[in-house]
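The next block holds one structure in the form of structure tokens; read it before the comments.
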Amino acid sequence: MSKPIIFYDLLRKGPEGQSDSEKSWSPNTLKTRLALNIKGLQFKTEWLSFVAIGPKMKELGVPPRADAEGLKYTIPTIYDPNTGKTVTESLAIAKYLDKTYPDTPRLVASGTAGLQEAYLEKVVTPFMYTMMVYLVYPAFKQSCVTQADEEYLRKKGQALMGKQPEDMVLQGEAITTACKSLSASLGAMAQHVFANGGDAVFVTGDSPSHVDTAIASILSYIIKTAGKDHALSKVIMEHSWANNYLEAMSEWR
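If you read the sequence shown in this note's numbering, its first letter stands for residue 83, the second for the next number, and so on.
Quick look at the structure:
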């Protein structure tokens with residue numbers, strides 16, 4: 083019998099008694115949670131605060147990744163005790179799971195890797211970063227599990243944006259601008275989906291792909307971080323395709 087995969091997810095503040103699905107909120111780690119559920123693979127979650135990520139990844143022997151901020155340790159990461167492999171970064175994890183568990187639904191079907199990577203680069207990633215900037219303050223408040231987390235995130239925010247989280251509260255005309263931006267992005271993605279047919283829901287056809295896990299993760303992140311009553315969340319829930327999309331993806335939350 084196979085052993086459960088260990089999935090490293092990002093902790094946030096929340097009420098006692100939440101399920102792992104309710105706790106999970108990061109637009110990065112949600113992709114892998116969805117992937118594991120779509121494939122029906124057994125896994126258990128190990129929760130990490132921001133400052134705990136680096137030490138745990140070093141312990142696992144995971145090298146830091148290079149990006150605009152320099153070298154850093156990131157999640158999602160999985161450890162598969164059935165193969166002894168540790169894999170980090172959501173697309174790499176999706177490809178690993180496809181290869182290692184070929185009898186499960188594929189997330190990166192043969193011949194789609196390049197197209198999915200291009201869609202992620204040109205559409206999904208810019209959308210994610212735009213939404214994350216709008217939600218800096220509530221994300222900060224929820225993700226500061228320890229004092230060390232707060233100090234780390236304040237330092238990071240100052241270095242990246244020259245501001246503190248309190249200076250980036252979304253209010254007034256900024257909310258209207260954010261809602262228009264979100265609505266435009268949803269409309270554009272809906273048109274891409276409808277190219278598959280008027281009743282289509284997923285980007286790449288009849289079943290969800292890695293790209294679909296990425297989009298669903300961002301929409302879920304907005305609702306979880308801002309709250310269901312926030313104007314941004316209402317844009318999503320009142321958008322015909324986006325609402326149907328999240329409903330379809332809810333099977334694998």
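Ideal Cβ positions, reconstructed from N, Cα and C, are used throughout, including at glycine.
Based on Cα-Cα distance, which residue from the options lies nearest to residue i?
i: A148; options: T156, A195, A260; result: T156
i: M83; options: P163, G136, G254; result: P163
i: V206; options: S101, M271, Q100; result: M271
i: D91; options: Q100, V215, S108; result: S108
i: I160; options: P146, K154, A176; result: A176
i: A200; options: V293, P187, T228, A256; result: V293
i: A256; options: V215, A134, R236, D102; result: V215
i: P247; options: A260, E233, T170; result: E233
i: Q229; options: S131, N110, K105; result: S131
Which of the three DSSP states is assigned to residue i in this structure?
i: I318; result: helix
i: D43; result: The question about residue 43 has no answer here: the residues shown for the chain are numbered 83 through 335.
i: G196; result: helix
i: A330; result: helix
i: D294; result: helix
i: V190; result: coil
i: E98; result: coil
i: N278; result: coil
i: K204; result: helix
i: S299; result: helix
i: K105; result: helix
i: K306; result: helix
Can you say whether residue i is buried or exposed, counting buried as having 16 or more other CB atoms within 10 angstroms of its CB?
i: D288; result: exposed
i: Y178; result: buried
i: M331; result: buried
i: Q273; result: exposed
i: M319; result: exposed
i: Y211; result: exposed
i: S172; result: buried
i: A221; result: buried
What does residue i pair with, by DSSP beta-bridge criteria?
i: Y90; result: E128, T159
i: G345; result: It is not possible to answer for residue 345, since the shown part of the chain is limited to 83 through 335.
Please go through the stretch 207-275 and give each complete alpha helix (DSSP H) segment of 4 or more residues, from N-terminal end onward.
207-216, 218-225, 229-243
Ranges of the beta strand (DSSP E) found wholly within the stretch 108-171, counting only runs of at least 3:
125-130, 147-149, 152-154, 159-162, 167-170
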